[in-house]
Amino acid sequence: MLRGNESVAYAFKLARIDVFPMFPITPSTLVPERISKFIADGELDAEFIPLESEHSAISAAIGASLKGARVGTATASQGLALMHEILFIASGMRLPIVMGIGNRALSAPINIWCDHQDTMAERDAGWLQFYAESNQEGLDLILMAFKISEDKRVLLPSMVGLDAFVLTHTMEPVDVPEQEEIDEFIGKKKPEYLTLDANNPATFGAFGSPSHYMEFKYAQYLAMKNASVVIDEVFSEFTSKFGRKYSKINEEMMDDADIVFITLGSCTGTAREFIKMKRKEGKKIGLLKITVFRPFPKEEIRKALKGKKVVAVIDRNISFGFGGAVYGEVAAAMNGMDESPKIVDFIVGLGGRDITFNTFEEVLSIAEKAMNEEVDEINWIDVDKEAVEKEEII
Amino acid sequence: MLRGNESVAYAFKLARIDVFPMFPITPSTLVPERISKFIADGELDAEFIPLESEHSAISAAIGASLKGARVGTATASQGLALMHEILFIASGMRLPIVMGIGNRALSAPINIWCDHQDTMAERDAGWLQFYAESNQEGLDLILMAFKISEDKRVLLPSMVGLDAFVLTHTMEPVDVPEQEEIDEFIGKKKPEYLTLDANNPATFGAFGSPSHYMEFKYAQYLAMKNASVVIDEVFSEFTSKFGRKYSKINEEMMDDADIVFITLGSCTGTAREFIKMKRKEGKKIGLLKITVFRPFPKEEIRKALKGKKVVAVIDRNISFGFGGAVYGEVAAAMNGMDESPKIVDFIVGLGGRDITFNTFEEVLSIAEKAMNEEVDEINWIDVDKEAVEKEEII
Amino acid sequence: MKEITRGAVVKDAGNSVVNKTGSWRTFKPIINYEKCIRCMICWIYCPEPSIYKEDGKDYDAPKEPIKKLPVPVIDYDYCKGCGICVNECPVKAIDFVKEVK
Amino acid sequence: MKEITRGAVVKDAGNSVVNKTGSWRTFKPIINYEKCIRCMICWIYCPEPSIYKEDGKDYDAPKEPIKKLPVPVIDYDYCKGCGICVNECPVKAIDFVKEVK
Amino acid sequence: MRDIMYEVRFHGRGGQGAVTAANILAVAAFREGNYSQSFPFFGVERRGAPVRAFTRIDEKPINIRMYVYNPDAVVVLDPSLLDVVNVTEGLKEDGIIIINTSKKPDEFDFDYRIATVDATAIALSHRLGSSAAPIVNTSILGAYSKAVGNVSIDSVKQAIMERAPAKKEENAAAAFEAYEKTVLGWEK
Amino acid sequence: MRDIMYEVRFHGRGGQGAVTAANILAVAAFREGNYSQSFPFFGVERRGAPVRAFTRIDEKPINIRMYVYNPDAVVVLDPSLLDVVNVTEGLKEDGIIIINTSKKPDEFDFDYRIATVDATAIALSHRLGSSAAPIVNTSILGAYSKAVGNVSIDSVKQAIMERAPAKKEENAAAAFEAYEKTVLGWEK
Amino acid sequence: MKDEWLFAPGHGMCAGCVVPALVKHILAIAGKNTFVVNSTGCLEVATTEYPRTSWKVPWVHVAFENSAAVASGIEAAMKKFGEEGNIICFAGDGGTADIGMQALSGMVERGHDVLYVMYDNEAYMNTGIQRSGATPYGAWTTTSEVGKANPIGNLRPKKPVADIIAAHKAAYVATVNLAFFQDFKKKVEKAMKVKGPRFLHAIVTCPTGWRADPSKGIEIMRLATETGIFPLWENENGGKKRITYRPKKFKPVKEYFKLQSRFRHLSDDIIEKIQEDVDRWWKEHSE
Amino acid sequence: MKDEWLFAPGHGMCAGCVVPALVKHILAIAGKNTFVVNSTGCLEVATTEYPRTSWKVPWVHVAFENSAAVASGIEAAMKKFGEEGNIICFAGDGGTADIGMQALSGMVERGHDVLYVMYDNEAYMNTGIQRSGATPYGAWTTTSEVGKANPIGNLRPKKPVADIIAAHKAAYVATVNLAFFQDFKKKVEKAMKVKGPRFLHAIVTCPTGWRADPSKGIEIMRLATETGIFPLWENENGGKKRITYRPKKFKPVKEYFKLQSRFRHLSDDIIEKIQEDVDRWWKEHSE
Ligand SMILES: Cc1ncc(C[n+]2csc(CCOP(=O)(O)OP(=O)(O)O)c2C)c(N)n1
Ligand SMILES: Cc1ncc(C[n+]2csc(CCOP(=O)(O)OP(=O)(O)O)c2C)c(N)n1
Ligand code: SF4
Ligand code: SF4
Ligand code: SF4
Ligand code: SF4
Ligand code: SF4
Ligand code: SF4
Ligand SMILES: [Mg+2]
Ligand SMILES: [Mg+2]
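Protein chains in written order, with the numbering used here: chain A, 2 to 395; chain B, 2 to 395; chain C, 226 to 326; chain D, 226 to 326; chain E, 77 to 264; chain F, 77 to 264; chain G, 90 to 376; chain H, 90 to 376.
Have a look at this one:
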């Protein structure tokens, strides 16, 4: 039985990270706390750097990674946001850092609970993004993220999101692999890429003029494409070694479904139970869980949604002045496809608003309406609209 | 004749900003330099705060704005990225700060030239976003941004992007309005919102629990919707006062067009001339310029693209693992529309790679191909693919 | 209906008084005015603040002249029972007893 | 074909020597070895660095014993003509003449 | 599945260990071959403020991840909470309330099955915490085992041995003593 | 429109004012009722390194915003650049090269129309800059006016008076003197 | 007649937390015409849960790391409007010594007329007792864990924040301890009078994080100064420090440690070493 | 036989820029087993335009504000691997005194074994001469413009960065001036020997930004110290400063100003005031 944060900490320990730069933030704090204890108890031989900010934490992660260290760290929300500038640099420098995120809302107003705004706002940054449904997935994905990120064909950093509190602070059964198994799976040796080396003095982070810059970005683009292939490989190797199945998207009850719910993260389970209940009532609903959001599994999603009627995207984030980020990308993926379903966006669970069966009831009723008539493309669920509108409506 | 940065500086002067917090960064530095000179010469009565970082610059902007000051600032690239966390806070606190951006590529590798990665990576942040095609637009949009942002129905911050060097450092004719005209247009008085006041002691930036947080986000969402209306009003008032026409999107040569180019910012002019040339050859190409990217003018774009065959989105940015940000949103906007055109993405001009007629030739040839056959959805133009692929391809 | 102000501003300064944090208390400080020398140390250090000053005349006092001085009074609506006043009182004039509710 | 390394690493340390920044020069420092006392101050301060040390024997010298000391030699491929050496030379042994190319 | 899943809500005060109680219960249930889940309702108040935590127990893997709205049982670690918190909110009709109190079940007039135990006295007798801050979270789990019965007292004791941050034996002994001393209001 | 648009490329060294020259030319053209645009090619090198700047002049509003690839005229502020930069790259067939040099046009063997002026000498005679760093950007514009003729020397002078950061009169006078002294290689 | 503190009860800070006591007195001295900027931390989180606030003066929170920058903006706006008033930042040791250091350093460098108060509970308490730069040597925290590979806990000496700000030549810098109330009051009053950037380093007991009896907060703070661990001093413009309280007889640091479980693991050797460090400080600062 | 400097020519810094001279000597003393972290700024931008580099030791640039944090990460990794080597940060005054202050402060607090060199050209030069916290009082820059409403230019005194780092109790702090080469060399050698966080404050002329004749860079720096404006000192662990050069006869600051157009606008009154400030410093630091 582990809490989500403990899953992350155990995964780092199993991965034998060399350096753990950190700055604490709710709801991720238990990750560094456990690492600190592992080190104090002599169970993990790693350097713990308590930086003075998250900006410095990710900077130190870059420094250590450039020196060839395997680096893990953890953050959330404001901490991730404070890293923003440096996240792009970590990916531009092609460093396989792995970061656990306790997905949490962004200020203002300040709020410590779950939504996906923090990581969604980093979806451009060139990091691989994984979203865990459970603590088991949290642990497994961190482990796999190291293997994927360090693959020579990829060499890009990864973030693995665990929903604030709903996973980070929830204790549940987790199967922790043996150290030897993981040593074999990820490899103990240093990752293969050029590092700071006095015998081979190279220059890292040079200035990229217009004559070269775009090629480096194209290289990152290709590395992301490669990642898509490597993820499949590593996922299936993991399955064969540890028995647990992973894929970029998970399809359940989809065959005959007219309506599909798309979820990321911890609300998937609640959606699953809800759909099962509704199926008993004869409703043809399917569930599509996105585990890998970067690279965006466009082809997989297109294939899965082909011929469906209505797709309800459960967005735990909002790009103000547009709509949910997942909705946007799923809807974009439909372009040019025949038999494209109608994509409807549902903004839910911001700032820790609980996602319940009632939430999905409302989602379903709008999705059913959308089968026959026009509905709003962006729908806010579980929100007291009247309370807001008296001040804001024009 | 003004350089783009001077347009911004003059607009701030005309807007009679009270406080100018700043931190210098290429290519925006001329903005603070001019403001410094205006103040030293006694031409502008404002407080100049040379902060120690952009993070602090935007924080000071918040402080000053909370005290009721009209606040302008300018930044770019790494500077904007370093503000990331606080940008969300400025909008969450509903402060009408106006920021000029010299759109510039993000590290790594470091590069000082134009692309839109910096602002695109802030498209979730709850700021209005305007992109200028020319220095005249730069000046006008900054002025209008104050009026829009300070509108009681909106009260959200704005950023106005001017392409690095291509506008910021290019000198061209700009019509600078008279001070009295602007005083009348924007208004000299303090904006109408609650501010820090010892006689009316309120608490700003309180903690938002799950019971309330989502309502505040919904309020921001509505304010963005309001902004959409207010922008139309202010644009048309501006046109009637100053003669120059603005709209969220600009449609040219669209009536009979089969292929549409969608552009933002300074490459629009080159595209326009290119299309005019090609029209002489009988090619039915139209041009759709996006001036307002946040709120995203979805309805306007849907209307404009209805019945078109192929839309070539010129993206001067890339969301790694997905594609161009503009492409994503335009393609998403097509969902559920009958007669939806095929949306094709073109990644161009990253890190100052020049966007030329040749660029558009390539774009056009792929777009024409897309009329009849499948083409890649994401196309990189003007990039030396071979040079990259030997290292990255798998 | 909830009040959703623009930008989450709280306009009603000091309205946290609606939270009766006295309910957190497990031990209760009780001032023994017959011992209390009105030094106001408890008033200085109470962190809530839940000790206020009141006119002394209605209270007992160890000595007559002190009777006119203001006395510390505990507002049990807010006292969390931390015991700081109990610990700091120089004459041990504050008893600390298990709360019975 | 351009070389596009992974992560923009430059592997060839010190390869900026291919940039012949001597072309920036408008004035040219010329060491007069007959005056030069081999103090190496110019070598210390040249910022490029474009003054190197060479064996002294092939050069003139103001005094015999100095002849064996290493001499400063300017590498005009890189000398930008800043004039620091000219200014710092304690014996004014470096002339500064308009570049003719 | 909803028929079999068992949901528990703990009421305590910040610092009293309600979250740990929920966790230990989950571990105990897991040890018996069930699936389980425990989590706090995390607020911003500090030590002393009312807090809640939850445990779910099921025979099948637990998918849902929302708060518990209709608990099968409610555990009250601090009797003073009864005045300030509506501890029976959402409690199922046939629900059970387990209260740490020196009173007897019939001294309460909840329309539910009530079990009581003087966990504070038991904890103090095992030197768990101080009289100002007794640590009752393990004792109350003994009462839970007795009252609800879906985890055995042995599993509770083992879970305590595994998870208690300190004084493992004392905590286990306290749980056992509480198990013995719990008064079930409905068994008369 | 491409027929009428006139594009100029300036070659100078960082610190010599090539960008200012391009700007002043644009202002001068604008004063005469044209549309114009000027911009630098901004590199990362510092003072002393070769730099480029551009001016576009047209009768209609200028839409395009790419670099100038096929200039109609090239202006070389520093003769030493001729050795290190291919100044005629992309120059139109009937293009003009204006060079700051004490040499005469026929001493160069470019296959273009060549105009020369000793802008350095003129600048120094007007006390513009020092002999180590003469400021030739205004003088060379006089030569441009003479050689290309699409802006009058009066407009150049006025633009200088408006835009020169210092020594306005001297700069204007230098431009005029350069205008007078420019040698047009094709006028013999 | 209840007293009119400018800080209202009903907040959510721990029973026995000393921070609110600090705040109520500073506000009382500053008066109503005061603008507070509060960094993220216990004080901020636990006093302003929407729709409630304990603050009776204008108050703003923006983020964890930028109060000094926010205050700079407020001050500039007030300057522009010709408005008078006190601006006070309250920030924890984490929000000051670590993540807010730069904003503070910049504010002082630019000379803004702001009083910055660091309430120092020697760790990130709001997030659950993680080490900060101001955590003292030898203290247990959740990120300076104690175990067989590290029997000491935090291995770095406490960052001398007040010295660092004094080195900036701030207009006024002082260390304050509420347990020495007269000294405290005099310094706060002085801080309110001086113009320019001012800094107060206030020690505050966090019974939760220091693993201490909540009733002992003031007693522990008194011991901090009586043992010489937290000396009281002040200076102006980076000038010479004036020690404002010199214990006649120093108590051993052990007495201070005894009341706090965060130091429980320390061996006598380590305590001895800490005692020597304290003694050295006082020797260096003897007149 | 050309000398084997570890810094190659062919870089793009201005003719007459003193920074490369500083760098070549520090690297020469440090030797090949040295890892350089370079903040964004002139030095970084002009020496590493892909695919070229002037650096012959392992070198990394990440951003403007975080070199000290990057170095912390490198150092930790080396510790983990048991590797020995020098880690040196090079950063400008802007990258140190302003935007990099916090990362540096954290690095020193944590005690990383890194030498941090601030090359101080007293403004943001890479972006075109904007004021930094280290810009001296009275200097013109493009963001401390001079005009009728402000005849002085920069209105704030120079931030005392070395004092601030010394107040952190860094293992070794020194001010260095290449124009005093023996003093410079001794200090760099010492800095290479000491363990722990070390800091060098190196003045460097920027002829472009100081509006000075490029050939006068060293001369101007010499005057900076001979006029007493840039004193040379060192200390260890925050201890007492040792002045390492005390001019026998101080030259007037005016002589220093004369060679730099950035001070050209200053009236005699203002120069007099600056002279007094310098005199006061030396009085305070007389033995
Ligand atoms: C950028 C960022 N990083 C981390 C956090 C999480 N966080 C909030 S308060 C806090 C600790 C505050 O410590 P301190 O300043 O000492 O105040 P205290 O909580 O002790 O009162 C932390 C780590 C945050 N809010 N923002
Ligand atoms: C976050 C961020 N803000 C601003 C910049 C722009 N910038 C790059 S270098 C520089 C100035 C550097 O000044 P300094 O550190 O003094 O070094 P110098 O250029 O003087 O060598 C600035 C403002 C940047 N790269 N990143
Ligand atoms: S016990 Fe604490 S809260 Fe209660 S009155 Fe005493 S000091 Fe105040
Ligand atoms: S501290 Fe004790 S003696 Fe003093 S006023 Fe309070 S109760 Fe009375
Ligand atoms: S002129 Fe400058 S660059 Fe040339 S050799 Fe002398 S010091 Fe070096
Ligand atoms: S400085 Fe002058 S004397 Fe000394 S080595 Fe150089 S040229 Fe010779
Ligand atoms: S954790 Fe510490 S600082 Fe925070 S409220 Fe509780 S006692 Fe105060
Ligand atoms: S601008 Fe100044 S610091 Fe930068 S390279 Fe030129 S001289 Fe050196
Ligand atoms: Mg703290
Ligand atoms: Mg500098």
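Even for Gly, the Cβ is constructed at its ideal location relative to N, Cα and C.
Exercise. Specify the secondary structure class of Cys131(G) as computed by DSSP and reduced to three states.
Key: helix
- Please list the residues of the stretch 201-224 of chain B that have a C-beta atom closer than 7 Å to any C-beta atom in chain C, keeping them in chain order. Pro202, Ala203, Thr204, Phe205, Ala207, Gly209, His213, Glu216, Phe217 and Ala220
**Backbone CA spacing between Val242(D) and Glu234(B) [nearest angstrom]** = 60 Å
* Asked: If you check the beta carbons only, do Arg141(E) and Phe86(E) fall under 8 Å apart?
  -> In this structure, Phe86(E) does not lie closer than 8 Å to Arg141(E) by Cβ.
For a cutoff of 8 Å on Cβ pairs, would you count Thr251(D) as touching chain F? Chain F contact via Cβ: present.
Legend entry - Inter-residue Cα distance where the pair is Arg335(G) and Ser57(B): Each residue's alpha carbon lies about 39 Å from the other.
- prompt: What's the C-alpha gap between Ile118(H) and Met281(H)?
  reply: 8 Å
- Message: Does chain G have any CB closer than 8 Å to the CB of Gly225(E)?
- Response: no
Practice item. Measuring only between beta-carbons, confirm whether Glu138(G) sits less than 8 Å from chain B. Key: yes
Residues near Val10(A) by beta carbon distance below 6 Å, same chain, minus five either side: One point to set straight first is that residue 10(A) is Ala, not Val, in the sequence displayed. Val32, Arg35 and Ile36.
query = Measuring CB to CB, does Ala191(F) end up less than 8 Å from Ile172(F)?
reply = yes
Exercise. So, is Gly225(E) buried or exposed, given that buried needs 16 or more other C-beta atoms within 10 angstroms?
Worked result: Taking all protein chains in view, the Cβ of Gly225(E) is surrounded by fewer than 16 other Cβ atoms within 10 Å, so the residue is classified as exposed.
Classify Met207(G) as helix, strand or coil using the three-state DSSP reduction.
strand
Is the CB-CB distance between Leu67(B) and Leu157(B) below 8 Å?
no
DSSP state of Gln130(B), grouped into three classes? strand
request  = Taking Leu156(A) as the query, report the chain D residues whose CB atoms sit under 9 Å from its CB, ordered along the chain.
outcome  = Arg231 and Gly232
On the three-state DSSP scale, how would you describe Ala191(E)?
Note: Ala191(E) maps to strand in three-state DSSP.
**Q.** 3-residue-minimum beta strand (DSSP E) runs that sit fully inside the stretch 260-304 of chain H, ordered along the chain
**A.** Qualifying beta strand (DSSP E) stretches, in chain order: 261-266 and 287-292.
| Between Leu132(H), Thr232(H) and Lys113(H), which lies nearest to Ala41(B) when the distance is taken from Cα to Cα? | Thr232(H)
Quick one: which chain H residues come within Cβ less than 7 Å of Ile187(B)? What Ile187(B) touches in chain H: nothing, since even the nearest Cβ is about 24 Å away.
Is DSSP giving Pro109(G) helix, strand or coil here?
helix
Segment contact flag, the stretch 91-98 of chain F with the stretch 109-124 of chain F, C-beta cutoff 8 Å, min 3 pairs: yes
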